[in-house]
Amino acid sequence: MSNEAVQPYQRIVQDVRDKIRSGKLTAGSKLPSMRELVDEYGFAQGTVQRALTELRTAGLIYSHQGRGSFVSEAALEAEQDPTTRAIKALETRVAELAARLDKIEKRHND
Numbered sequence: 077m078s079n080e081a082v083q084p085y086q087r088i089v090q091d092v093r094d095k096i097r098s099g100k101l102t103a104g105s106k107l108p109s110m111r112e113l114v115d116e117y118g119f120a121q122g123t124v125q126r127a128l129t130e131l132r133t134a135g136l137i138y139s140h141q142g143r144g145s146f147v148s149e150a151a152l153e154a155e156q157d158p159t160t161r162a163i164k165a166l167e168t169r170v171a172e173l174a175a176r177l178d179k180i181e182k183r184h185n186d
């Protein structure tokens, strides 16, 4: 799909998704203000608002009245590619097994 076929709000949504995937935005990160987003992307406020609504609906961000919009915890897992998720699962499993091995070795040495 070419950039011309993508709606302006979808370009903002995709950019935020890419920033989450790359780690530029992490859980709890505050997104720029509405005015900053309008300036950054050069789109009307309504377009930016629609993008933020899409991101909220997808569970990638949450908003607090008067404080702004923030990246949700769920966004990080949702936006990770399958390989990254698999690596993280393996890292967790290895850490669990290492802890069990440490316990066994400690019991054996006592």
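In our numbering, the protein residues as written are 77 to 186. Ideal Cβ placement from N, Cα and C applies to all residues, glycine included.
{"Query": "Alpha helix (DSSP H) containing Gly122: first to last residue?", "Result": "Gln121 to Thr133"}
{"Query": "Does the distance from the C-beta atom of Leu101 to that of Val92 stay below 8 angstroms?", "Result": "yes"}
{"Query": "Hey, how far is the Cα of Gln83 from the Cα of Pro158?", "Result": "27 angstroms"}
{"Query": "Could you please give the first and the last residue of the uninterrupted alpha helix (DSSP H) stretch that includes Ser98?", "Result": "Pro84 to Ser98"}
{"Query": "Cutting at 6 angstroms between CB atoms, please list the residues of its own chain near Tyr117, excluding the five before and the five after it.", "Result": "Ile88"}
{"Query": "Only counting the same chain, and skipping five residues up and downstream in sequence, which positions put a Cβ closer than 7 angstroms to that of Gly104?", "Result": "Phe146 and Val147"}
{"Query": "Please tell me whether Lys106 and Gly135 are closer than 8 angstroms, where the distance is taken between their beta carbons.", "Result": "no"}
{"Query": "For Ala151, does the count of other Cβ atoms within 10 angstroms reach 16, so buried, or fall short, so exposed?", "Result": "buried"}
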